[in-house]
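Under our numbering, think of the first position of the sequence shown as 1, with each following residue one higher.
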Amino acid sequence: MTYKHTWVSGDGIDLPVGKVVCVGRNYAEHAKELNNPIPSEPLLFIKPSTAVTRFERPIKLSSERGEVHYETEISVLIGQKLSDASEQDAVASITGIGLGLDLTLRDVQSQLKEKGHPWEKAKAFDNSCPLTGFVATKHLPSLDDINLKLYINGLLRQQGNSSQMLTAIPALISQISQHFTLLPGDIVLTGTPAGVGALSTGDELRAELDKLCRFHTRVTD
Numbered sequence: 001m002t003y004k005h006t007w008v009s010g011d012g013i014d015l016p017v018g019k020v021v022c023v024g025r026n027y028a029e030h031a032k033e034l035n036n037p038i039p040s041e042p043l044l045f046i047k048p049s050t051a052v053t054r055f056e057r058p059i060k061l062s063s064e065r066g067e068v069h070y071e072t073e074i075s076v077l078i079g080q081k082l083s084d085a086s087e088q089d090a091v092a093s094i095t096g097i098g099l100g101l102d103l104t105l106r107d108v109q110s111q112l113k114e115k116g117h118p119w120e121k122a123k124a125f126d127n128s129c130p131l132t133g134f135v136a137t138k139h140l141p142s143l144d145d146i147n148l149k150l151y152i153n154g155l156l157r158q159q160g161n162s163s164q165m166l167t168a169i170p171a172l173i174s175q176i177s178q179h180f181t182l183l184p185g186d187i188v189l190t191g192t193p194a195g196v197g198a199l200s201t202g203d204e205l206r207a208e209l210d211k212l213c214r215f216h217t218r219v220t221d
């Protein structure tokens with residue numbers, strides 16, 4: 001299945017699929033639950049375009065790589081080239097808002113951390129970034145008041161609001177553009193709230209973006 005950015009309506013978005021810039025520990029409670037210090041500035045890492053897949057596509061687990069953890073995040077679709085951008089330019093560059101899963105091989109990540117090695121094997125593997133369709137920003141009341149929820153097997157596991165982010169979306173995109181040029185079709189994953197955990201075969205996931213839309217996927221082996 002070839003991934004292409006789409007609107008929630010299912011219509012295609014005429015943008016290429018680029019890199020995904022991810023933000024670690026952008027919610028204080030999530031940093032605390034993993035016993036990590038709260039960073040003084042955004043902690044950034046990148047997933048390649050090969051990590052991107054449709055949210056609705058079943059998540060396949062592999063026992064050989066250990067536990068796969070879900071991290072539900074607000075995703076931002078970039079529509080204009082950004083480099084050393086102001087917050088105002090950052091906001092103007094946003095084409096759509098959706099949800100994404102930052103799937104993480106937690107056992108692999110822990111082993112890499114212990115050795116002082118980079119995390120890419122745990123974070124940037126193929127299909128590690130399921131993305132939903134996008135909603136135009138005009139349908140959202142404010143970038144500072146976006147709700148997200150994740151239910152697993154009918155139970156609420158994650159809940160957050162963009163107002164809880166340590167670095168708000170406009171400032172986050174501006175700061176990212178100081179380090180990496182953002183291109184049309186790139187995605188910014190803005191961090192996950194508390195409640196992350198391991199996925200199990202047979203799990204049914206439902207993610208909600210505000211009261212606007214719901215997205216479903218499941219876990220297979």
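Glycine included, each C-beta is placed from N, C-alpha and C at the ideal position.
For residue i, which beta-bridge partners are listed by DSSP?
i: PHE134; result: TRP7
i: SER75; result: GLY98, LEU189
i: PHE215; result: ALA207
i: ILE173; result: The partner list for ILE173 (beta bridge, DSSP) is empty, contrary to what the question assumes.
i: LEU82; result: LEU182
Output the boundary residues of the alpha helix (DSSP H) element that contains residue i.
i: LYS121; result: 120 to 123
i: GLN88; result: 87 to 93
Just verifying my parser: in three-state terms, what is the DSSP assignment at residue i?
i: THR220; result: strand
i: HIS117; result: coil
i: LYS19; result: coil
i: LEU199; result: coil
i: LYS32; result: helix
i: LEU105; result: strand
i: LEU61; result: coil
i: LEU112; result: helix
Could you spell out the range, first to last residue, of the beta strand (DSSP E) harbouring residue i?
i: VAL52; result: 52 to 54
i: ILE46; result: 43 to 47
i: TYR70; result: 68 to 70
Is there a Cβ of chain B sitting closer than 8 Å to that of residue i, yes or no?
i: THR104; result: No chain B appears in the structure shown, which is made up of a single protein chain.
Fill in: Ranges of the beta strand (DSSP E) found wholly within the region 133 to 163, counting only runs of at least 3
Taking only runs of at least 3 residues, the beta strand (DSSP E) segments lying wholly in the region 133 to 163 are 147 to 152, 155 to 161.
Worksheet item: Quick one: any contact between the region 185 to 196 and the region 20 to 34, if contact means 3 or more CB pairs under 8 Å?
Response: Touching, yes.
Discussion item. Taking contact to mean 3 or more Cβ pairs, one atom from each stretch, closer than 8 Å, check whether the region 4 to 11 and the region 125 to 134 are in contact.
Written reply: They touch, by the three-pair rule.
Worksheet item: How do the region 121 to 129 and the region 41 to 53 stand: do at least 3 beta-carbon pairs fall below 8 Å, yes or no?
Response: In short, these stretches touch, since the Cβ pair count reaches three.
Worksheet item: Taking one C-beta from the region 159 to 174 and one from the region 90 to 110 each time, how about it: are there three or more such pairs within less than 8 Å?
Response: In short, these stretches touch, since the Cβ pair count reaches three.
Worksheet entry | the region 96 to 116 / the region 63 to 73 touching (three or more Cβ pairs under 8 Å) | Touching, per the Cβ criterion.
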